[in-house]
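Have a look at the structure below before the remarks.
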Amino acid sequence: MEMFGKRRVAVIGAGMTLFRRNLKETGKELCWEAAKMALDQAGLELKDIEAVVMGTAPDAFDGVHMKGEYLADGAGARKKPYMRVFVGGGTGVFTPIAGWWHVASGMFDTCLVVAEEKMSSCFPHPAYAFHTIFDPIMARPLGVTLIWIFALEMHRYMHVHGIKKEQIARVAVKNKQNALDHPCAQLPQKITVEDVLNSEVLCWPVQRLDISPTSDGAAVAVLAAEHVAKQLTDNPVWIDGVGWCIDSTYWTNRDLYYPKYVECAARMAYKMAGIKNPPKEIDVAEVYDPFDYKELHHMEGLMLCRKGEAPRLTEEGVTQRDGDLPINPSGGLLGVGNPIAAAGMMKVCEIFWQLRGEAGKRQVKKDARTGLAQAWGDLMQYGSVIIMRS
Amino acid sequence: MSEKIKEYPGHRIKTADLRAGLVPLIRYKPEAKFAFSAGAAMSRFLEELKNGRILASVCKKCGRIMVPPRTFCEICFKPVDDYTYVKDTGKINTYSVSFIAADASRVKEPTIVAVIELDGASPGMGILHKIGEIDWKEVKFGMRVKAVWKPPEQREGAITDIKYFKPLKEGEE
Amino acid sequence: MSREISTCPLRLRHYPGHLEPEYAYTLGIAGERFFREIKENARIMGAKCKKCGKIYVPPKLYCEECFEKLEEWVDVGTKGTVYTFTISFLDEHGEKLEKPEIYALIKFKGTYGGIVHRLGEVKPENVRIGMKVQAVFKPLTERKGTINDIAYFKPIME
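Residue numbers (the numbering used here), protein chains in the order written: chain U, 1 to 390; chain H, 1001 to 1173; chain B, 2001 to 2158.
Pasting the structure below:
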């Protein structure tokens, strides 16, 4: 690990669009809106950007093949070094990781990191696009859907630890409530545990209010090397640790109750950031919550608590904004929305704003100095983790 | 959003406007079709389903008996050493009950889906399949189940040659 | 359990599949206005960058170089020049066309970009790079706000 991070990398600006079920803007236009905002925040112009990294999930959502190339001009990448990264739902946090190595390596002093998703192009429902992610021989002939596999994971997690749905529903209640203070949020709501338990059953134990929505949106961050960041801002937010890890697509061959690959990604990031005791040293975390149980599952995978302990911490209010370990103060995917890659990137933006003390009504109560953002994806097999410090 | 930013971009399209055809859209349906090669191990697996048998692969280095079978062990990163059969019985590792179809529409009869750990395979080696002949409220973790096969003449060498797995009564093999 | 493996390992199986989703693309902020002008007014518009002066055809929301929002729209006329062209003998499925079709990239004076479209009222052997052409619009009642509202471009005298 010592060979990495020769140069310290800072986030110096962030921007995002509204997250909505349907937005009129094209994917390119969404990228531009968010990128322009991030550059303005950083006090830079496009000509100051040396490289661009794009993160965007399957081409099958936008319905544009070579989607990375298609979006390039909106991302400000024209005539610049450019690459697209894609690791399923993990893309949103992996994109700034790819941006980090562009700058940490010494190759570039500035890098624009853009994440976009426009799921509304896909008809009649974006779920159709997910069908082709499954094994064509073992899974598709059975009529598998994305919710099936998450329901299977959720159920296994509940079974192994004896967790009740009421405990999991608290995550949806908290995150949708937090989203009331997020100006870009798609599903901010004041709901109760009973509302979640009474909502439509989709695939038991998954109900309507356990799930994040499909969304259009973009989110962007500006990264800079230390000497550039210090010229431009008095409060840069440093990327001090990055980690990523994948397991195989043989998801029926492993115990789904615990995301070991998330733990591996977290260990890599903690080691790089010099973090020995995650629950004590992480002040605020944005963990991936496309389903409410995933927030708990990921808190455990990230070693922010012991296995099976996350539901109790949630019940005790520890993960609220004014708690000891605030989780998803933004409102998360459940509240703000889930334009896949842009959703993960939104989490990185949120940690940036939290550590700068710019989160306004969403600001966590404690003095947050160290934050974590994490995303997860593919066939329940991928984790990406980033550690940031003010 | 940073409190420094007062305006945020994006024009929401109302669902009602979309349904009423008030939003200009360009429509397109991809026409591409695919033929996925099953590969050596899975081709054998599918052929054996016609015979009512479930094929697994064996890695002598890590000792795993793997279902679905594969030509290489992804842990030892070497070719598998042998193929064998596992039983068509097993236990439910986890399950779910689906009330929706692939397009997110409601279905009348829920589908019970499960990861089934097959007897004879290494612990934790499961496959995805459906559960039948039981009310969904009666399904339990760890429940013993057995494959219900289509009649031999109806089998086509597909995972659906197993119609579903049904619960085994106590003592039943 | 039997150790016999009865199946010929060389008999490979294939599984058919197809893409199920359909798509409905929004035209975007700039696109909606561009196609509305084509549909309602038979006008081809460009968008001008106040910083670098470049006029984009088709119009964009932003200048891809300066990253400024493009707020000034200009009518670029319906006449342009053939920048390059190709004569297609096959349709999109690779089937032979009854009559070859001519596709050209048409550029508009003083602008950046251009429009790819069919050429009509001209034989393939008479098409030249640099040839002046003009958009032939479908009748107003048939226009739907798509690029096919322009039936084709036809050669014109200078």
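By construction, the Cβ of each residue, glycine as well, lies at the ideal position given by its N, Cα and C atoms.
Just so we're clear, the structure is a prediction, and the values are computed from it rather than from any experiment.
Quiz prompt | Rounded C-alpha distance that separates B/Glu-2020 from U/Ala-127 | solution = Take the alpha-carbon of B/Glu-2020 and the one of U/Ala-127: they are about 10 angstroms apart.
Practice problem: Just the C-alpha distance for B/Ile-2055 and H/Leu-1022, rounded to the nearest angstrom, thanks. | Solution: Computed Cα separation, rounded: 29 angstroms.
Quiz prompt | Three-state secondary structure (DSSP) of H/Ile-1159 | solution = Judged by DSSP in its simplified three-state form, H/Ile-1159 adopts helix.
Quiz item: Does the distance from the C-beta atom of U/Gly-377 to that of U/Gly-55 stay below 8 angstroms?
Solution: Here U/Gly-377 is not near U/Gly-55, since their CB atoms are 8 angstroms or more apart.
Quiz item: Between H/Ile-1112 and H/Trp-1136, which are expected to be in contact by the criterion C-beta below 8 angstroms, what is the C-beta distance as a whole number of angstroms?
Solution: Yes, they are in contact, since the Cβ atoms of H/Ile-1112 and H/Trp-1136 sit about 5 angstroms apart, within 8 angstroms.
Exercise. Give a yes or no on whether the minimum CB-CB distance between H/Ile-1026 and chain B is below 8 angstroms.
Key: Taking 8 angstroms as the CB threshold, H/Ile-1026 lines the interface with chain B.
Quiz item: What does H/Leu-1046 touch in chain B if you count any residue whose Cβ is under 8 angstroms from its own?
Solution: Simply Arg-2013.
Quiz item: Once you ignore the five residues that flank U/Pro-339 on each side, which residues in its own chain have a CB closer than 7 angstroms to its CB?
Solution: Within the same chain, and ignoring the five residues on either side of U/Pro-339 in sequence, the residues whose Cβ sits closer than 7 angstroms to its Cβ are Phe-19, Glu-117, Met-119, Ser-215, Asp-216, Gly-217.
Quiz item: With which residues is U/Gln-177 paired in a DSSP beta bridge?
Solution: BP columns for U/Gln-177 are empty, so no partner.
Quiz item: Near H/Phe-1077, which residues of its chain fall below 6 angstroms by C-beta distance, leaving aside the five closest residues on each side in sequence?
Solution: Here the set comprises nothing.
Quiz prompt | H/His-949 - containing beta strand (DSSP E), residue span | solution = Only positions 1001 to 1173 of chain H appear in the structure, and residue 949 of chain H is not among them; the question remains open.
Quiz prompt | Between the CA atoms of U/Leu-313 and H/Gly-1124 - distance to the nearest angstrom | solution = Near 29 angstroms, if we compare the C-alpha coordinates of U/Leu-313 and H/Gly-1124.
Quiz item: Whose Cβ in chain H lies nearer than 7 angstroms to the Cβ of U/Thr-252?
Solution: Close partners of U/Thr-252 in chain H (Cβ separation under 7 angstroms): Val-1115, Gly-1126, Ile-1127, Leu-1128.
Practice problem: Mind listing the chain B neighbours of H/Pro-1218? Cutoff is C-beta to C-beta under 8 angstroms, in chain order. | Solution: Because chain H here runs from 1001 to 1173, residue 1218 of chain H falls outside it and cannot be looked at.
Exercise. Could you tell me whether the segment 148-164 of chain U touches the segment 172-188 of chain U, using the rule of 3 or more Cβ pairs below 8 angstroms?
Key: No, the segment 148-164 of chain U is not in contact with the segment 172-188 of chain U.
Exercise. Just tell me which of U/Arg-356, U/Gly-344, U/Leu-202, U/Leu-355 has its CA closest to the CA of U/Val-385.
Key: Taking only the C-alpha atoms, the option nearest U/Val-385 is U/Gly-344.
Quiz item: Rounded to a whole number of angstroms, what is the C-alpha to C-alpha distance between B/Lys-2051 and B/Glu-2065?
Solution: When rounded, the separation of the alpha-carbon atoms in B/Lys-2051 and B/Glu-2065 is 10 angstroms.
Quiz item: Hey, would you say U/Met-388 sits closer than 8 angstroms to U/Met-16, going by beta carbons?
Solution: Cβ atoms of U/Met-388 and U/Met-16: not closer than 8 angstroms.
Exercise. List in chain order: all unbroken beta strand (DSSP E) runs of 3+ residues lying wholly within the segment 2017-2084 of chain B.
Key: Entirely contained in the segment 2017-2084 of chain B, the beta strand (DSSP E) runs reaching 3 residues are, in chain order, 2022-2026, 2045-2048, 2055-2057, 2072-2075.
Exercise. Could you give the DSSP three-state label for U/Thr-26: helix, strand or coil?
Key: Looking at U/Thr-26 - three-state DSSP - the assignment turns out to be coil, as it is neither helix nor strand.
Quiz item: What residues in the segment 172-204 of chain U bring their beta carbon closer than 7 angstroms to a beta carbon of chain H?
Solution: Those residues of the segment 172-204 of chain U that come within reach of chain H (Cβ to Cβ, closer than 7 angstroms) are His-182, Pro-183, Cys-184, Val-201, Leu-202, Cys-203, Trp-204.
Quiz item: Around the Cβ of H/Ala-1035, are there at least 16 other Cβ atoms within 10 angstroms (buried) or fewer (exposed)?
Solution: Per the 10 Å Cβ criterion, exposed.
Quiz item: From this set, B/Pro-2155, B/Leu-2097, B/Gly-2145, B/Leu-2061, which residue's C-alpha is nearest U/Glu-33's C-alpha?
Solution: Nearest neighbour of U/Glu-33 by Cα position, chosen from B/Pro-2155, B/Leu-2097, B/Gly-2145, B/Leu-2061, turns out to be B/Leu-2061.
Quiz item: Residues in its own chain within less than 7 angstroms of H/Tyr-1095 by CB, not counting five upstream and five downstream?
Solution: The beta carbon of H/Tyr-1095 sits closer than 7 angstroms to the beta carbons of Ile-1112, Val-1113, Ala-1114, Ile-1131, Val-1139 from its chain, once the five residues preceding and following it are set aside; these are given in chain order.
Quiz item: Whose Cβ in chain B lies nearer than 8 angstroms to the Cβ of U/Leu-404?
Solution: Absent from the model: residue 404 of chain U. The displayed extent of chain U is 1 to 390, so no value can be given.
Practice problem: Give me whichever residues DSSP pairs with U/Trp-100 in a beta bridge. | Solution: For U/Trp-100, DSSP assigns no beta-bridge partner whatsoever.
Quiz item: Considering U/Leu-152, what are the terminal residues of the alpha helix (DSSP H) in which it resides?
Solution: From DSSP, the alpha helix (DSSP H) with U/Leu-152 extends over 146-161.
Exercise. Would you please verify whether the beta carbon of H/Ala-1035 is less than 8 angstroms from any beta carbon of chain B?
Key: For H/Ala-1035, the nearest CB of chain B lies under 8 angstroms from its own CB, placing it at the interface with that chain.
Practice problem: Check whether the Cβ of U/Leu-223 sits closer than 7 angstroms to any heavy atom of the ligand FAD, and report yes or no. | Solution: Ligands in the displayed structure: none, and consequently the ligand FAD is not present.
Quiz item: Counting Cβ pairs closer than 8 angstroms, one from the segment 347-356 of chain U and one from the segment 247-262 of chain U, do we hit at least three?
Solution: By the Cβ rule, the segment 347-356 of chain U does not count as touching the segment 247-262 of chain U, because fewer than three pairs are nearer than 8 angstroms.
Self-check item: 8 angstroms contact criterion, which U/Thr-221 and U/Phe-352 should meet: CB distance rounded
Solution: A small fix is needed here, since residue 221 of chain U is Ala in this sequence, not Thr. Contact between U/Ala-221 and U/Phe-352 holds, since their C-beta atoms are separated by about 7 angstroms, short of 8 angstroms.
Quiz item: What do you reckon, are the CB atoms on U/Gly-337 and U/Pro-213 nearer than 8 angstroms?
Solution: At the C-beta level, U/Gly-337 and U/Pro-213 come within 8 angstroms of one another.
Quiz item: Can the beta-carbon of U/Met-138 be found closer than 8 angstroms to that of H/Leu-1118?
Solution: Cβ atoms of U/Met-138 and H/Leu-1118: not closer than 8 angstroms.
Quiz prompt | Residue interval of the alpha helix (DSSP H) (run including U/Arg-267) | solution = Start and end: 260-273.
Quiz item: So, U/Leu-304 versus H/Ile-1013, is the Cβ gap smaller than 8 angstroms?
Solution: The answer is no: Cβ separation not under 8 angstroms.
Exercise. Look at the alpha carbon of U/Glu-358 and the alpha carbon of U/Gln-41, and state the distance between them as a whole number of angstroms.
Key: Linking U/Glu-358 to U/Gln-41 through their CA atoms gives a straight-line distance of about 12 angstroms.
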